[in-house]
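K.L.:
I have a structure here, written as structure tokens, and I will follow up with some questions on it.
Chains as they are written, first to last, in the numbering used here: chain A, 1 to 145; chain B, 146 to 290.
Structural data, given as structure tokens:
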């Protein structure tokens with residue numbers, strides 16, 4: 001998929017992403033960059049809302065994995081099983097979430113699970129950054145079912 | 146605050162809560178019930194979206210604590226420092242998040258921190274239920290700063 005195609009898919013299939021004004025800035029096989037603009041996602045303290053930060057990170061992980069399945073013609077749907085997030089510093093502007101697929105060993109194990117059992121699990125780390133500083137760290141366990 | 150007052154505060158100060166169509170169903174000093182309707186918060190699998198489930202839980206915790214400060218004339222603003230969530234089963238309808246303040250010991254310790262240091266931390270557990278079954282469990286560390 002191209003970044004814009006993925007963005008359209010999100011807006012169509014997960015309606016709340018339209019209100020968050022989610023943009024897919026970059027999409028490659030092994031990495032993704034997702035943005036939620038500040039104005040739609042601010043809170044009472046005039047910083048980015050914790051729920052929007054989490055949601056943007058979730059969408060980055062879900063999208064990267066969904067794209068990986070598609071590219072590799074693998075079966076199944078991606079769901080988030082559990083996650084944890086640490087808000088290290090306030091985000092004062094747009095929310096930018098970035099995610100890379102893990103190293104080759106972990107990824108090929110996941111790939112094998114999927115081809116053998118048609119199910120698999122993968123942990124993804126997602127960073128929310130502002131001016132290249134990490135503001136929040138998200139770790140999600142994604143499942144393919 | 147009354148439930149409707151709190152709902153208005155959320156809609157005004159955290160704009161994305163309007164798009165999520167957040168409703169505060171119940172608000173008492175020690176417990177809260179917050180709803181996000183299904184239609185605005187569904188995902189590609191036609192179940193409730195993981196990001197909306199998390200956000201509804203976050204708003205329940207934040208609101209209950211903000212109301213507690215107000216009632217008890219305590220200083221400070223509530224922020225979410227970190228959280229974890231487990232999605233145990235899909236939510237097939239409206240998202241309902243419920244939260245109770247912890248037992249008296251924990252609460253009075255928190256109360257003392259706030260009066261002495263004007264800062265404090267409290268862990269809140271929030272359950273997302275459907276037809277009285279728990280579908281997701283959220284644990285959040287809230288800070289008053």
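In this text, a Cβ means the ideal position worked out from N, Cα and C, and glycines have one as well.
Look up residue 281 (chain B) in the DSSP assignment and give the residues it is bridged to.
P.N.:
The partner list for residue 281 (chain B) (beta bridge, DSSP) reads B:232, B:273.
K.L.:
DSSP three-state call for residue 110 (chain A): helix, strand or coil?
P.N.:
In the structure shown, residue 110 (chain A) sits in a helix (DSSP, three-state: H, G or I).
K.L.:
State the start and end residues of the unbroken beta strand (DSSP E) segment that holds residue 180 (chain B).
P.N.:
Counting along the chain, the beta strand (DSSP E) containing residue 180 (chain B) begins and ends at 176 to 181.
K.L.:
Report yes or no: is there a C-beta of chain B within less than 8 Å of the C-beta of residue 45 (chain A)?
P.N.:
It does; some Cβ of chain B falls within 8 Å.
K.L.:
Give the interface partners of residue 40 (chain A) over in chain B, defined as CB-CB distance under 9 Å, in chain order.
P.N.:
Within 9 Å Cβ-Cβ: 160, 161, 164.
K.L.:
Kindly say whether residue 213 (chain B), judged by its beta-carbon, lies nearer than 8 Å to any beta-carbon of chain A.
P.N.:
No, its Cβ sits nowhere closer than 8 Å to a Cβ of chain A.
K.L.:
Would you mind listing the alpha helix (DSSP H) stretches within the segment 2 to 66 of chain A that are 4+ residues and don't spill past its ends, in chain order?
P.N.:
Listed in chain order, they are 3 to 13, 16 to 19.
K.L.:
Are at least three pairs of beta-carbons, each pair with one atom in the segment 109 to 117 of chain A and one in the segment 253 to 266 of chain B, less than 8 Å apart?
P.N.:
These segments do not touch.
K.L.:
Grouping DSSP H, G and I as helix and E and B as strand, with all else coil, what is residue 101 (chain A)?
P.N.:
Coil, per DSSP.
K.L.:
Going by DSSP, which residues form a beta bridge with residue 288 (chain B)?
P.N.:
DSSP output for residue 288 (chain B) lists B:224, B:266 as bridge partner(s).
K.L.:
Apart from the five residues on each side of it in sequence, which residues of its chain come closer than 7 Å, Cβ to Cβ, to residue 175 (chain B)?
P.N.:
Answer for residue 175 (chain B): 245, 246, listed in chain order.
K.L.:
Taking three-plus beta-carbon pairs below 8 Å as touching, is the segment 175 to 193 of chain B in contact with the segment 35 to 54 of chain A?
P.N.:
No: the two stretches stay apart, fewer than three of their Cβ pairs being nearer than 8 Å.
K.L.:
State the Cα-Cα distance for the pair residue 265 (chain B) and residue 77 (chain A), rounded to the nearest angstrom.
P.N.:
Approximately 41 Å, taken between the alpha carbons.
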